[in-house]
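J.: I am attaching a structure below and will ask some questions about it afterwards.
There are 4 protein chains.
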Amino acid sequence: MNASTHVIDKLDLISRSRIRALVAVARDFGQRGWTPATSGNYSVRLDDGRIAVTRSGADKRLLEPSDLLLPDKDGILADGVRPSAETPLHLQIYRQKPAVNAVLHVHSPAVTVASRLAVGQQGIRFHNYELLKALSGVETHDIEIELPIIANDQDMTRLAAAAEPFLSTASPCPAYLIEGHGIYAWGEEVDGAARHLEAIDFLLNCYLLERNPGS
Amino acid sequence: MNASTHVIDKLDLISRSRIRALVAVARDFGQRGWTPATSGNYSVRLDDGRIAVTRSGADKRLLEPSDLLLPDKDGILADGVRPSAETPLHLQIYRQKPAVNAVLHVHSPAVTVASRLAVGQQGIRFHNYELLKALSGVETHDIEIELPIIANDQDMTRLAAAAEPFLSTASPCPAYLIEGHGIYAWGEEVDGAARHLEAIDFLLNCYLLERNPGS
Amino acid sequence: MNASTHVIDKLDLISRSRIRALVAVARDFGQRGWTPATSGNYSVRLDDGRIAVTRSGADKRLLEPSDLLLPDKDGILADGVRPSAETPLHLQIYRQKPAVNAVLHVHSPAVTVASRLAVGQQGIRFHNYELLKALSGVETHDIEIELPIIANDQDMTRLAAAAEPFLSTASPCPAYLIEGHGIYAWGEEVDGAARHLEAIDFLLNCYLLERNPGS
Amino acid sequence: MNASTHVIDKLDLISRSRIRALVAVARDFGQRGWTPATSGNYSVRLDDGRIAVTRSGADKRLLEPSDLLLPDKDGILADGVRPSAETPLHLQIYRQKPAVNAVLHVHSPAVTVASRLAVGQQGIRFHNYELLKALSGVETHDIEIELPIIANDQDMTRLAAAAEPFLSTASPCPAYLIEGHGIYAWGEEVDGAARHLEAIDFLLNCYLLERNPGS
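Protein chains in written order, with the numbering used here: chain A, 15 to 229; chain B, 15 to 229; chain C, 15 to 229; chain D, 15 to 229.
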C-alpha cells in the first residue's frame, strides 16, 4: 500500500482534504454498524476531476487513505488492486451531478429494511420533519421529499439505467435506495454528503417506528 | 475563532463553568445520536445576564467553547458569526423563567417520533414512572405530568407565540416538544437541564415501546 | 470527599476489592443507559458486615469509590452526606440473604417497560432460554423462572414489606422488579450480581421483542 | 495464566495470528452485547491441527490470548483449566469442515429472539438481500439461503447429533441457530467467520423488523 499512500501524499490540498474527511466519515459510519461485514463503499472527486473509490473488501471502521484507489491520468488503476464492484454507480453520479464531489454508499439496518418494506412504491415520501432542512436547498419542514427506490441487480449497467431517471431530474433529494441493498447519497463536499446520509437514515428510522400499527 | 475563545476566557468563574458543562453535555448527547446532521442547539445564561447560544451548523459531537456566540454588552454579535436560527426560542425561555440558566434543544429519534404520533393531542401524559422524580420539584411517581406539543413553524415569532402559554404557567414539566422537530428542555444549571432532558427522552422511549398493540 | 476516600483506603483487601469491582460495574451500566438522569443505586457488604451504599444524586457513569458512603462501627454516617433514599431496600436484601455481598439497582428501558406491561401479573416467567444458566444454581434452559414484580411506593417501609415474601423464599431468581421503576438484583460477589442483572435485562429485551403481535 | 501465555508465544506464526484475530473479534462482539453475562465461546484451529477453545466463564469483552485453552499433543488439557462446556460442538464443525479454521458462538438479542420465533420451522429463509453476498461463495442477492435451527439440549451429544445433518451437506449457509440459545458460525479464517456472523446477525435484525404486522 505504500505506493498508493505516496500517490495521495502528492495530491493537491483540496483533494487531500476530501480524502481525509472521507476516511473520518467512513470510520464513524462503520462504528454505527452501517457497513456490516465489510459492505459499503465511498468515493470523492479529486480537484483534477479523477474519482477515488474505496477498494473492495476493506473494513470501513478501519479505513485508511491508502484504501482509496486512484486511477492514473488515463483512468487506469495500478495492477492488482480491485476497486469496489459498484464503482460505475459512483461514476454515474459524478457525471450527472457536476457540483457533487463526494458519494457515500452504506447498508444501515433502517435503509435495508425500509427499502424492502416500501417495495412496489416509487419511493418513500417524507413530510413535516424539521430535519428535512438538513438537505441542501430545503428551507422548511412543510415540503414533501421523495426518496426513490430502485430494484436491486447484480448487473451494474442495468442498475445504473434504473437510477438514471432520478439522477437526471432536479429533485431536492440527494440520495436513492436500492431494494434490499442500501443507499447512495451525495453532496458538494464530504461533510454535506454525510449530513444528507445521516438525516435520511434518521428519517427512515422514524418511518419504521411510525409504521407500528398501534399508532 | 481565537477572538471568541478570548472572550470566554475573560468571563467570570460561574459563566465559564456553565460553558464548560454545556460543552460536555453537547458532546455526550451528540454521541447518542440526539443531534443528527448538525441539528440541535444549546445556550447558557452568563452571570451578567447575557445569553450565549451555539453558532449555526456546528457538529455538536465536537462542540468547543468557541462555538458559543457571545453578544457584547449592547446585545450585538461580532460581524460574520451566525447564531442558531432558533435563538429567539432560547431567549423566550430565559425571559419567562428567571431561575433558568441553561436551555437544551435536541432532535432524538424518540422525541421526533413521539411528537408526530401524539399530534392532535395537547401533549403526552406520563404517570406512574419513578423517573418522573428526576424533574425538579417532583417527589413521587404517583403524579401526572404533561409534556406539551406545539405545531412546527419556520416563523420564530409564531413558534414562540405557540410556546408562550406553556412557559407562562407553573407546570412542573421543564420541557416542550415541537411536532416533527425536537424538544426544548431547561434547568437552573446545565446538569439539571441535562437530567431533565435525559429523563424525558427515556420516558418517551418507554411511551413508544408501550404503544405496541400487543401490550 | 477526601475524608471518605481515606476511610475506603483503610479497609481490608476483600472490601476494597468489592468496592473497586462495584465502581467498574456502575460505570459500565451507566454507559449503557441503565441509570439515566442520575438514577440507580448500588451497594456492597464489607468484610466486617457493614453495608456501603452509593450517595444520592451521583452520576453513575462517573462513579468514584468515594461516592460510596460508609457508616461507622455504630452504623452512623458522617454529617452532611446523604445516602440513596432506597438504602432500606438494600439492607433488607443483605438481612434476608446472608450469602449476598452485592446489590445492584438500575432503571434500564427494558426493565421499566416490562415492569409496566406485565402489571397485574405476579411476575414475568422465562422458559427455554439458554441464558437462564447465567443465574447461580440454574443448570438447564428447560426450567421456568419467575421474576417477581411489586407495586411502586414512595414509602420504603411499605415497599420493603411488598418485597419481603419474595426474599424469604428460596426462589432461584436473584432479582425483583418494581413497577414503572426498576430492578433490584444481587449476588454473592459483584461479578455474579452483575452477571445476573445483565442476563435478566437481556431476557426482558427478548420478552419485549417477542410480545410483537406479528409473532 | 502465565503458563498458558507461554504456550501461545511458542506457537507458529499462523496460529498466533489466528489467536490474535480471534481475541480482537471477541472483544468487538462483546462490546456489541453479543456475549451477555459471560456467555458465548470461540475457537480456532492451530496450524498443527489442534483446536484452541476459550475457557469457561471468561468476560469476552476483556478476552486475552491466555483465555484460550490449548490441549497438548495428546489432546490433554493442563490440570485445573475448564474449557467451554460446548467444546464438542466446536470440534464437530472442525471435523466436518476441513477448510474451516475459526468457529464463533454468540448470544446476540436478534439471534436469540429469531431462533424462538421461528420455532417449528426448519429454519429461517433469506432472499433478496445484497448482504447475502457477504457469505463465502454467494454471488447474488437473488438466491434463497436457509439458516437452520435446532432444538436446544443440555446433552452435547444429542445437540451435536441434531446439528450433524446440516453440517454434512454442502449448504452455502456457514452457520446454524440453537433455539433460545444462540448461533454457531464459521469460516476459513477468523475474519471470514466474523464477516459471516456479522452478516447473519444483520439479516436477523432485518427479519425481526420486517415481522412487524404493519408492513
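Just so it is clear, CB atoms sit at the ideal spot from N, CA and C, and this is done for glycine as well. A quick note: this is a predicted structure, and the numbers were derived from the prediction, not measured.
1) What is the rounded straight-line gap between the Cα of Thr-101 of chain D and the Cα of Leu-223 of chain B?
2) Please state whether the Cβ-Cβ distance between Pro-162 of chain A and Phe-140 of chain A is less than 8 Å.
3) Report buried or exposed for Ala-213 of chain A, applying the criterion of at least 16 other Cβ atoms within 10 angstroms of its Cβ.
4) Return the Cβ separation of Gly-54 of chain A and His-119 of chain A in integer angstroms, given the expectation that the two are a contact with Cβ distance under 8 Å.
5) For Ala-51 of chain B, tell me which candidate among A:Thr-154, A:Leu-211, A:Arg-41 has the shortest Cα-Cα distance.
6) Hey, how far is the Cα of Ala-177 of chain D from the Cα of Tyr-190 of chain D?
7) Does the region 119 to 129 of chain A come within contact of the region 186 to 200 of chain A, defined as at least 3 CB pairs closer than 8 Å?
8) Would you check if the distance between the CB atom of Ala-116 of chain A and the CB atom of Arg-46 of chain A is smaller than 8 Å?
9) CB-CB under 6 Å to Trp-48 of chain C, same chain, minus the five flanking residues each way: which ones, in chain order?
10) Please decide whether Val-67 of chain A counts as near chain D, where near means a Cβ-Cβ distance under 8 Å.
11) Just list the residues that DSSP pairs Ala-99 of chain D with in beta bridges.
12) If you draw a straight line from the C-alpha of Gln-136 of chain A to the C-alpha of Tyr-56 of chain A, how long is it?
13) Quick one: what does DSSP say Ser-29 of chain A is sitting in, helix, strand or coil?
14) Any chance the region 73 to 86 of chain C sits against the region 144 to 162 of chain C, with 3 or more Cβ pairs inside 8 Å?
15) Strictly below 8 Å CB to CB, what residues from chain A border Thr-154 of chain D?
16) In chain order, what residues of the same chain lie with their CB nearer than 8 Å to the CB of Arg-209 of chain A, ignoring the 5 residues before and after it?
17) Distance check for Val-152 of chain A and Val-39 of chain B, CA to CA, integer angstroms please.
18) Hey, Ala-174 of chain B and Gln-110 of chain B are a contact pair by Cβ (cut 8 Å); roughly how many whole angstroms apart?
19) Contact check, Arg-69 of chain B vs Val-37 of chain B under 8 Å by CB: the rounded distance?
20) Select from D:Tyr-221, D:Ser-185, D:Asp-169 the residue whose C-alpha is nearest the C-alpha of Thr-4 of chain D.
21) For the beta strand (DSSP E) that contains Asn-55 of chain B, what are its first and last residues?
22) Take the Cβ of Ile-138 of chain C as the centre, count every other Cβ of all protein chains shown within 10 Å, and call the residue buried at 16 or more, exposed below.
23) Any idea if Val-133 of chain D is buried or exposed, counting beta-carbon neighbours within 10 angstroms, 16 or more meaning buried?
24) Do the CB positions of Pro-112 of chain D and Val-67 of chain D come within less than 8 Å of each other?
25) Grab me the residues of Met-170 of chain C's own chain with a C-beta within less than 6 Å of its C-beta, minus the 5 sequence neighbours each way, in chain order.
26) Who are Pro-179 of chain C's beta bridge partners in DSSP?
27) Measure the alpha-carbon distance for Asp-62 of chain D versus Asp-26 of chain D and round it to whole angstroms.
28) Return the Cβ separation of Glu-193 of chain A and Arg-130 of chain A in integer angstroms, given the expectation that the two are a contact with Cβ distance under 8 Å.
29) Assign Leu-223 of chain C to one of three DSSP states: helix, strand, or coil.
30) Using a Cβ-Cβ cut-off of 7 Å (strictly less than) and excluding sequence neighbours within five positions of Ala-35 of chain A, which residues of its own chain qualify?
31) Can you pull the chain B neighbours of Tyr-198 of chain A, defined as C-beta to C-beta under 7 Å?
32) Assign Ala-116 of chain B to one of three DSSP states: helix, strand, or coil.
33) Please confirm whether Phe-216 of chain D has its beta-carbon closer than 8 Å to some beta-carbon of chain A.
34) In chain order, what residues of the same chain have a beta carbon less than 6 Å from the beta carbon of Ala-165 of chain D, not counting five sequence neighbours either side?
35) If you count every other CB in all the chains shown that lies within 10 Å of the CB of Asp-93 of chain B, and 16 or more means buried, which is it?
T.: Quick answer:
1) Spanning the two alpha carbons is a distance of roughly 38 Å.
2) For Pro-162 of chain A and Phe-140 of chain A, no; Cβs fall outside 8 Å.
3) With at least 16 other beta carbons inside 10 angstroms of its own, Ala-213 of chain A counts as buried.
4) Correct: roughly 6 Å between the Cβ atoms.
5) With distances taken between Cα atoms, Ala-51 of chain B lies closest to A:Leu-211.
6) Their backbone Cα atoms lie some 8 Å apart in a straight line.
7) Counting Cβ pairs under 8 Å, three or more are found: they touch.
8) With a cutoff of 8 Å on beta-carbon distance, Ala-116 of chain A and Arg-46 of chain A are scored as not near each other.
9) Contacts found: Val-120, Ser-122.
10) Not an interface residue.
11) Beta-bridge pairing links Ala-99 of chain D to no other residue.
12) Cα to Cα, Gln-136 of chain A sits roughly 25 Å from Tyr-56 of chain A.
13) In this structure, Ser-29 of chain A counts as helix in the three-state DSSP scheme.
14) Output reads no: the region 144 to 162 of chain C does not touch the region 73 to 86 of chain C.
15) Within 8 Å Cβ-Cβ: Gln-168.
16) When the five nearest sequence neighbours on each side are left out, the beta carbons in the same chain lying within less than 8 Å of the beta carbon of Arg-209 of chain A are those of Ala-148, Gly-201, in order along the chain.
17) In a straight line, the C-alpha of Val-39 of chain B is about 29 Å away from that of Val-152 of chain A.
18) Not quite, the Cβ-Cβ distance comes to about 10 Å (not below 8 Å), so this is no contact.
19) Contact between Arg-69 of chain B and Val-37 of chain B does not hold, since their C-beta atoms are separated by about 13 Å, which reaches or exceeds 8 Å.
20) Residue 4 of chain D cannot be examined here, being either before or after the span of chain D that is shown, 15 to 229.
21) Note, Asn-55 of chain B: beta strand (DSSP E), 55 to 59.
22) By the beta-carbon neighbour count (other beta carbons within 10 angstroms, threshold 16), Ile-138 of chain C is buried.
23) Exposed, since its Cβ has fewer than 16 Cβ neighbours within 10 Å.
24) Not closer than 8 Å, so no.
25) These residues qualify, in order along the chain: Pro-102.
26) Paired residue(s): none; Pro-179 of chain C is not in a bridge.
27) In a straight line, the C-alpha of Asp-62 of chain D is about 9 Å away from that of Asp-26 of chain D.
28) Glu-193 of chain A to Arg-130 of chain A, Cβ: 6 Å. Contact.
29) Annotated three-state conformation of Leu-223 of chain C is helix, per DSSP.
30) Within its own chain, the residues whose Cβ lies closer than 7 Å to the Cβ of Ala-35 of chain A, once the five positions on either side in sequence are excluded, are Val-204, Asp-205, listed in chain order.
31) Residues of chain B with a Cβ closer than 7 Å to the Cβ of Tyr-198 of chain A do not exist, since the nearest Cβ in that chain sits about 17 Å away.
32) DSSP places Ala-116 of chain B in strand when its eight states are reduced to three.
33) Yes, Phe-216 of chain D lies at the interface with chain A (some Cβ there is under 8 Å from its Cβ).
34) Glu-193, listed in sequence order.
35) With a threshold of 16 other beta carbon atoms within 10 Å, Asp-93 of chain B falls short and is exposed.
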